[in-house]
Every structure is written in structure tokens, then in C-alpha cells.
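2 protein chains.
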Amino acid sequence: MSTVSIQRQVNALHADRYAARADSFHPSPVRAVFEVSMLPGMISLAGGNPDLSLLPLGEVAEFAREIVAERGLEALQYGSGAGTEGLTNTICEVMAAEGTTAVPENILVTSGSQMALELIATMFCDPGDVVLAEGPTYVGAIGTFEGLQAEISHIALDSDGLIPEQLEQRIRELRAAGKTIKLLYTIPNFNNPAGVSLSLERRQQIVDICRAEGIAIVEDNPYGLLSFSGQYLPSLHGLDPENVFYLGSFSKIFSPGVRVGWLVAPVEVRNRLQLAAEATTICPSVLSQLLVERYITEFDWKAQIRASSELYRERAAASMAALGRYMPVGTTWTVPEGGFFTWVTLPAGHTTDDLLQPAIDNGVVFVPGSAFYADGSGANNFRIAFSFESAERLTEGIRRLGKALTSR
Amino acid sequence: MSTVSIQRQVNALHADRYAARADSFHPSPVRAVFEVSMLPGMISLAGGNPDLSLLPLGEVAEFAREIVAERGLEALQYGSGAGTEGLTNTICEVMAAEGTTAVPENILVTSGSQMALELIATMFCDPGDVVLAEGPTYVGAIGTFEGLQAEISHIALDSDGLIPEQLEQRIRELRAAGKTIKLLYTIPNFNNPAGVSLSLERRQQIVDICRAEGIAIVEDNPYGLLSFSGQYLPSLHGLDPENVFYLGSFSKIFSPGVRVGWLVAPVEVRNRLQLAAEATTICPSVLSQLLVERYITEFDWKAQIRASSELYRERAAASMAALGRYMPVGTTWTVPEGGFFTWVTLPAGHTTDDLLQPAIDNGVVFVPGSAFYADGSGANNFRIAFSFESAERLTEGIRRLGKALTSR
């Protein structure tokens, strides 16, 4: 069964029983093309899958075997709702590598950082509350906040990230309209999908504005370690640990298939979130946590990240070269310094939603720009994920996309 | 940090920002004693942990190694939000072993069956909606429904399970009071915590009542295969697949540490639940799913279940013998024919909440009866989980409990 085929079929038996929230869950445009990207011959510019080919699979396999053979009664049993003590310490080490200090009592391990986001949204958002977010922003965040019937208000980005003046102005406008603003959701490093990063100067400005305005920040940082230059900017969390909730993930630097992420928050908030987490999953997978801990403590994970970042840098370069060659005159794109994505703007008049089917017919799939906005913006944008396909296939995919554009 | 110590500390910064739901999440009394049960010398009658000592750890370890070594690029990558095709087929086979027919298009794999319950509750329960449940019922279900601000109304049990006449009467009373009843949540096999099972005759009656009254049923069945006699009663889902949502779990028959459960629902409902699931965890752990599939397809899991059930049967017998020896005159308990639990009723006047600390001081921990009710009932009840400790330790634990009772 294809995920694309998910429909709201009529079912008279349950039709009147659904909660008010039930219609707020929409198919993710990224998940919707997941099955399409699996078709033979299809080149995917769509999903933000990491390239796992640089992982030491033989060693990870041996780690998995040893964990079950030697600690199976622990690995296969229920664990603490907070996460294992070992992994929590490991997370502090991973955050320190990027320059952020965290201590175990502020950390909650979750079944992926999407769940951490969902927990924070659940704990803070009532229906009708406003969440500020970059425009464009992460599809999955839109899904989570919309699922809670919160309203997303997008703040414009430029090549230095979220624009502080726009943030201040929007806060004024929303408050004048009587709205309650609960959170600023932001991806400051190598933004998904925009590819840009928040400048150092703006980090302090954004943190100061939100502190002054009484708005908590959710800093989502799955890509921060994947810096092409190996340089890292300070986290927003580091600038204001009390007011910035931090989301981290092993999905982009190790494995999404183990589903291990985490959040960092003030102790009271973290403890409330643990209660909500236990109501959702009881505890994170102990096996997964032991495997991640083992990988980070026993393998040279920093060297793997350097190698992966170099691979992604080359692919980003190939993608941008292909964009220059195959896209219409007047097309622009962001120049990422890390992460997985570049954000493409076609000349006015193009509609990327209409381009999707012709592109698939030409053997390439991507995610149209409108997916990254809650308000229908992004009509002439699309995202390129350069993380998974080879440079050659990215080039060929972008060539096919150019062909689909001109053949319509 | 101890889970017991989770407090609602004052934090002025976030105090006014929480959602209306935020105070609805309470510490689970079972999770709260999790850390206590780990103390050296402590005997735990508390947690429903399976005994994993009969698992073939060497073989499971080898399965884990092979999966990562041979299919690592799949196992460690994102997967479908629906679950892997292989595991979905495996789930049909596991359900068939208990006599229930299911097909893959109705199945959604989740990160444990707690998450499946949370998804259903999210999709159906508005604040103030009523959920009917056995009294006593599963602590985690109380937490999930309360977290959504739904009201739980308990229906009395006897040794044949939920009493149909009480169900009918409660529906009439609640409707007369203007309440909206959304779901009946039930654990028909070896109920947690009551230990009793719903009789064959009553299964049809309950299904008929709920169909006629327009109330969907959530059938939670983590223990069904752990029948001491090897006999299985038909599932409610099998009696009315359109109106009964089924929850299954590998936690009690294989491993809770991999966090793999599932739900079965009509296609339209299942598809909606998948959208909510993707907003929470994107997808279940692929590594965990491949490991469970491998275990079920390559190991004689039915023989392992027969051996485990025999172990649990012996422990149940030892527990009941010790109850007869060490509990006050007038104490009664249920006689389980499978699963993990027996439910103890002390003579009137005893308060098991007050017994907890003296019991811990005497080296035994249990969960007081009030934990299993949303309305403060169960004052002179407690649950014994006989699944994890040896028969000798269960006997000693119940002796210590008797000592704590008399020494107060």
C-alpha cells in the first residue's frame, strides 16, 4: 500500500466520533513522496535521508551483537523514561563537540527528535495559540503544530537566517490582533529546507527579543555538526538556557533507523515533558540507546562526521553547479555551509506543485516549496536534498528536472 | 535522578505559558516505583516486566549482528510510517496464533502499544469526553486518557471480566447526565491489574452493546498469548472488526526494550492514525522491526511462549500460596489463568497507599490499588506482578508485605 494513496475514505461508523483535532493531521508532503522515491530508476531530491555508506556497518553490527549477548537482559527490557544514564552522558559529550554545555538533569531522551518536538508542542500549545517559525520551515514541525491546532506564523529569512526586525514586527502585529504567541520554532544551523544559518550577531538578537517578549524558543539542531568548514556557531540554548528548549538527534550523524533523539530544557519543563513522554512510549528503546552510546564511545565518530560532511559538501557543490546549468535564467538558490539542503527559487510564474508530476514522469522527485509553509507560500520554490544521492545522480536528477520544466 | 523525585518545581519563566492540558499529565505510580525496584535487595511485586531469561540471547544477538551487517543501510535508515512490510506480515501470523484474522492494510506498527493507545485517544477524545474502562484498569491507559483531558468512568469486573449489565447501566446514566461517550477501553485477556478474563458469552454481549450504543471498543491484548492452559478465547476484534480497534505488543512475548507494538483498525481509521503517528515519531525503529521479524520467523517463538507461560503459571501459584500464608484473614485475590498479575483485596479498613512506605522499608515494593482507578477507588487493593521475580522471591516478598501489614 502506498503512503501516497492515504485518503479520507468515508466510514459512516466512526465519522461522528472523531475528536476536533482529528482533521488537523495532514499527510506530510515529504512522507507522501517516500514511496515514489523507492521506485526503480527514480532519482530523489526529496527526502532528507543521511547517506549511511560511511558508517562502519561491520563494527556497528558487532556492537549490536555484543549488547544483546552481554547485556541482553537490560537491552531488551523496559528502561527509564528519562533515557539510559550512559546515553545521557554521551549526549552531553556530543553537544560539547559543537560547543554547547548541557548536564544530564536537563536531558530527556526521546524516540527521535520529532517526538521531542511533539512533547514540547503538547505541553505549551492550546488550539489557536501562535507558533512563530521561519518561512520556509521544517515540514514535520508544521505537521506537529497543526496537529495541535496551533497557528503557524512565518518569519522571513535571508542568507543570514531569521530576520530579527521581522520577528519584532510580527510579534507586535500578532499581539495587536489579540493572539497568544507561545513559541518561536527555529532551525538556526543549515536550516531545513532553506539551507541558511543564523548569523552570530542575530543569534544574540533573537534570544534577547524572545526573552524580552516572553516567548520560549525551540531550537531544532539536527544538522549543526555537519558543518562543511568544521566551524560551529554558539547555540541559542547556550545563550539563554532557561528560555531555549534544545532538540538534538542522532538521525543525521549516525542513524535515523534507531530512532533516538533528545531534548534539553529547564528541569521543571523537562520533568513535565517526561510525564508526557511516558504516556506516549513508556520509555525509549533501550537497545537503540545502548547501540548509540556504544557507537559514540567506541568509534571515532568525529572522523566519520568529518568524512560525511565532506561528502555532503561535494554533493552540495555538484547540485549548485547543475542548477546553474539546467535551471531557467533567473533561478536563484541558497548556498549552504553544511547540512542537507539548498532552497531554490524559480522565476516568478513557475508553480512547483504543478511541476511535481511531470518531474516524476521524468524520473526525478522533489518536495515543492508550498510544503514548507503553513500559509500556501513557496509556490515557485522547491527544496533539494543533496544528502542521499551521489553527485552524479544529483546532477542527472536536476537535469531531468530542467527537462520537466521546459517540456511542460 | 530518581523518577520518584519528579516534582512540579516553581519556574516563573514558563509558569504562564503551559497549555491547558499541561497539568493533566501525572507521574505514573508504576513508573514512580521503577527506580525503587532497582534498589539492592528490594523485591518488586510492582512492574509488569517480562522475564527475559528464557529468551535465546545468543541467537537474538546473532540476528542483530546479521541485520546490521547485511541490511544495515535499510535497518539504520528511515522507514515507512506504516511499519515494515515484513513485520506487518509477521504480526498477522502472531495474531493468527491466537485465532484472530488480520490483514496488513489494517495494521499500523507503533513504537510500543502504549503509543498505539495514545494515537487512538488523540484521534477520538476531546476534553470532557468519557472513556469507559474496567475498574481497575491499566495505569498507562489512565495516564493517556487523562493527558487528553478525557474522563474515565469505571465499569465493575467480576471473575468473568467486565459485567455487561453494569456497562449498559453506566451508558444510560452517563447519557442522562449529558455526557459524550467515545470509547470502551478493555483488556479482555488476563486483565492488568485484575488478572481476570472476559468470558466467551460476555465477549459477544459487550461487542453487541457497544455496536448498538455507537461506542467504539479499544481491545488491548498484550497478554493473550500467555495463557497457562494454551487455550485462547476469540478476540473482540474478531467478533466486530469494524467497531473494535485492537492493540498488540511484542513487549510481553519477546522484548519491551525494542519498543514494538501495533494496532489493527478499519482502513480509514488506520490511515488517520498513521498521520498522527508520523507527527510523533516519523516511523518506528527499522532496526527493532527487523529484529522482531527475524525472531518470529526464524526462532521457535511458540515454544518460548509455552515455556514462559509455564514459568509464569508456577509463579502465580507460588504467589497465591504465599498470599494464603501471609495475608490477613479475609484477604481475597483473583485466580489468573494467564498473564502477569493477580489483584488482591485486603479486608475493609486497610489502606494500601499507607502500606507502601512500610513495605519499602521491609524490602518489598508493590503498586497500591488506587493507581488503577481514575476515581480514587481501590483503597484496600493492590496488584501483584508475578512475572519477573522468582517463585522464591515472590514468596519472600509477600512474606515481607505481610510483616509490613502487621507491624504498622
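Going line by line, the protein sequences match chains A and B.
The opening residue of the first sequence carries number 0 in numbering that gives the first Met the number 0; numbering runs sequentially from there.
The opening residue of the second sequence carries number 0 in numbering that gives the first Met the number 0; numbering runs sequentially from there.
Every residue, glycine too, gets a C-beta built ideally from N, C-alpha and C.
As the structure is a prediction and not an experimental result, all values here were calculated from the model.
Contact annotation: in the segment 98-115 of chain A, residues whose CB is within less than 7 angstroms of a CB in chain B are Glu104, Ser110, Gly111, Gln113, Met114.
Along the length of the segment 215-299 of chain B, whole beta strand (DSSP E) runs at least 3 residues long occupy 215-219, 243-248, 260-263, reported in chain order.
Ser308 (chain A) is positioned such that its CB atom lies no closer than 7 angstroms to that of Leu393 (chain A). If you draw a straight line from the Cα of Ile397 (chain B) to the Cα of Val363 (chain B), it comes to about 8 angstroms. For Ala276 (chain B) and Leu322 (chain B), the gap between their C-alpha atoms comes out near 43 angstroms.
Under the three-state reduction of DSSP, Glu336 (chain A) is assigned to coil, being neither helix nor strand. Within the segment 116-169 of chain B, the complete alpha helix (DSSP H) segments of 4 residues or longer fall at 138-146, listed in chain order.
Contacts with chain B at 7 angstroms (Cβ-Cβ) do not include Glu92 (chain A). Under the Cβ distance rule, Tyr245 (chain A) does not count among the residues neighbouring chain B, no pair being separated by less than 7 angstroms. Chain B places no beta carbon closer than 7 angstroms to that of Ala211 (chain A), leaving this residue out of the contacts. The beta carbons of Cys91 (chain A) and Ala101 (chain A) sit closer together than 7 angstroms. Within 7 angstroms of the CB of Met122 (chain B), the CB atoms of chain A belong to Tyr17, Ala18, Ala21, in sequence order along the chain. Contact of Gln76 (chain B) with chain A is assigned, a C-beta pair being separated by under 7 angstroms.
Counting C-beta atoms within 10 angstroms of its own C-beta, Asp353 (chain B) has fewer than 16 neighbours from the protein chains shown and is therefore classed as exposed. Taking C-alpha positions only, Arg258 (chain B) is separated from Leu54 (chain B) by approximately 16 angstroms. Within the same chain, Cβ atoms closer than 7 angstroms to the Cβ of Asn242 (chain B) are found at Cys209, Arg210, Ala215, Ile216, the five residues on either side in sequence being excluded. Within the segment 127-146 of chain B, contact with chain A at the beta-carbon level (separation under 8 angstroms) is assigned to Asp128, Gly139, Gly142, Thr143, Gly146. Nearest C-alpha to Gln356 (chain B) among B:Gly85, B:Gly57, B:Ser406: B:Ser406. Taking 7 angstroms as the CB threshold, Asn48 (chain B) lines the interface with chain A. Contact with chain B is found for Gly71 (chain A), since one of that chain's Cβ atoms lies less than 7 angstroms from the residue's Cβ. About 7 angstroms separates the CB atoms of Ala120 (chain A) and Ala149 (chain A); that is less than 8 angstroms, so the two are in contact. When A:Tyr372, A:Arg399, A:Leu246 are compared, the shortest CA-CA separation from Val29 (chain A) is found for A:Tyr372. Scanning its chain for C-beta atoms nearer than 6 angstroms, with the 5 sequence neighbours on each side dropped, one finds around Phe249 (chain A) the residues Val259, Val291, in chain order.
For Phe33 (chain B), the enclosing alpha helix (DSSP H) stretches over residues 33-36. Under DSSP, no beta-bridge partner is assigned to Val67 (chain B).
Pro255 (chain A) belongs to the set of residues whose beta carbon lies under 7 angstroms from a beta carbon in chain B.
In the structure shown, Tyr184 (chain B) falls within a strand segment according to DSSP collapsed to helix, strand and coil. Residues of chain B with a Cβ closer than 7 angstroms to the Cβ of Lys181 (chain A) are, in chain order, Arg16. DSSP places Pro103 (chain A) within a helical segment (H, G or I) once states are collapsed to three. When Cβ-Cβ separations below 7 angstroms define contact, Glu218 (chain B) makes no contact with chain A. Per DSSP, reduced to three states, the secondary structure at Ala384 (chain A) is strand.
By the criterion of at least three beta-carbon pairs nearer than 8 angstroms, the segment 40-54 of chain A is in contact with the segment 63-79 of chain B.
Taking the C-beta atoms as reference points, Phe227 (chain A) is found nearer than 7 angstroms to Arg312 (chain A).
Excluding the 5 residues flanking it on each side, Asp299 (chain B) has no same chain C-beta neighbour closer than 7 angstroms.
When CB distances to chain A are screened at a threshold of 8 angstroms, the residues of the segment 266-281 of chain B falling below it are Val266, Glu267, Val268, Asn270, Arg271, Gln273, Leu274, Ala275, Glu277, Ala278, Thr279, Thr280, Ile281, in chain order. For Pro357 (chain A), the enclosing alpha helix (DSSP H) covers residues 351-360.
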